[in-house]
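A short write-up of the structure that comes next.
In this note's numbering, the protein residues as written are 441 to 772.
In structure tokens form, the structure reads like this:
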């Protein structure tokens, strides 16, 4: 759903998040609208992936209440790290990365964080859409600034993936693992995706907008619209609240960023490879020029480039680039 949603839709859904029935008359009185308008506005909820039950004589009820993102609650969970971040929570945006990129170009401080309850034009790698239903996941973008230029940012998306996997694995369940260059997997199904966009000078000031989409509780209709195997935290038995989960992600991102800034990806390489989902597996790389290369996954090098072993006894070859796709060869 685009931003033309009625301005009262999100406040109404927040009102219904207590899981109780609210009469149309009471809602109309509270929001200063007619009962017919309340009915029409709540009819838009389905497009957000949210079910609202309307029962004659009882009113409206949201059977699966949402834990809404709340900057104060996230800050409370962050504790001593709260000052590192400037949190902004939006009801609906086209893309958190786009919103934050605009803010970054206007001078937003490092640590600025844009979160959205709903994202209607999210992007993943290679321009693919990222589906983000209301309350079904975490969708956020974080601004990092650097002094040593774009050349110092090699391996950044891998470092971000490591942080998100650590945050998830801190809650037990099935261990999240990593797929080069920027996916978090559980059992070869996608749990989270990362999109890092950078701007700046090769050797001077630069910044990175770090976008993260993490599946928390996907509804059936959402799964049907996704063209790859996915998994969510609910399926994994991880029942942590979204505000605490976001704070945990930010804690791990802070830890990883400190290492990355001072030592580069090389200092995180062993930790990343310990969670490499494809290590030692037969794979195919799909290259930008439509060629494909087959071999065995051999981890990553000190800059985060993918290492492919094509023949026994021959050193692996490094591949890098945002337009390369990695596929597991399940039949070999």
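Ideal Cβ positions, reconstructed from N, Cα and C, are used throughout, including at glycine.
- Residue 720 sits away from residue 656, with the two beta carbons spaced by 8 Å or more.
- In this structure residue 763 is exposed. Its beta-carbon is surrounded by fewer than 16 other beta-carbon atoms within 10 angstroms.
- Runs of the beta strand (DSSP E) lying entirely within the region 589-654 and spanning at least 3 residues, in chain order: 617-619, 623-626, 629-640.
- With 16 or more other CB atoms across the displayed protein chains lying within 10 angstroms of its CB, residue 558 is buried.
- Within the region 708-739, complete alpha helix (DSSP H) segments of at least 4 residues are found at 709-714, given in chain order.
- Under the DSSP assignment, residue 682 falls in the alpha helix (DSSP H) whose first and last residues are 682-703.
- Contact annotation: residue 583 and residue 610 have beta-carbon atoms that are not nearer than 8 Å.
- The beta carbon of residue 619 is closer than 6 Å to those of 625, 717 in its chain, skipping five residues each way along the sequence.
- In this structure, residue 490 keeps its C-beta atom at 8 Å or more from the C-beta atom of residue 467.
- Cβ neighbours of residue 733 within its own chain (closer than 6 Å, five residues either side excluded): 725.
- Residue 450 sits in a helix when the DSSP states are folded into three classes.
- Residue environment analysis places residue 579 among the buried positions, since at least 16 neighbouring C-beta atoms fall within 10 angstroms of its C-beta.
- Between residue 652 and residue 593 a beta carbon distance of about 17 Å is seen, past the 8 Å cut, so the two are scored as non-contacting.
- Burial check for residue 495: the Cβ neighbour count within 10 Å stays below 16, so the residue is exposed.
- The three-state reading of DSSP puts residue 558 in strand, counting E and B together.
- Contact check between the region 513-527 and the region 682-697: three or more CB pairs, one atom from each, fall below 8 Å, which counts as touching.
- In the structure shown, residue 458 falls within a helical segment according to DSSP collapsed to helix, strand and coil.
- Residue pairing by DSSP places residue 581 opposite 554, 651 in a beta bridge.
- One alpha carbon belongs to residue 698, the other to residue 575, and they sit about 30 Å apart.
- Cβ neighbours of residue 540 within its own chain (closer than 7 Å, five residues either side excluded): 552, 554, 581, 583, 649.
- Residue 528 sits in a strand when the DSSP states are folded into three classes.
- Rounded to the nearest whole angstrom, the CA to CA distance from residue 497 to residue 674 is 33 Å.
- Residue 450 and residue 531 do touch by the CB rule: their CB atoms are close to 4 Å apart, below 8 Å.
- Less than 8 Å separates the beta-carbon of residue 700 from that of residue 596.
- Each of 507, 455, 486 was checked against the Cα of residue 679, and the nearest Cα belongs to 507.
- Excluding five sequence positions before and after residue 465, the CB atoms of its chain that fall closer than 7 Å to its own CB belong to 475, given in chain order.
- Within the same chain, and ignoring the five residues on either side of residue 714 in sequence, no residue has its Cβ closer than 8 Å to its Cβ.
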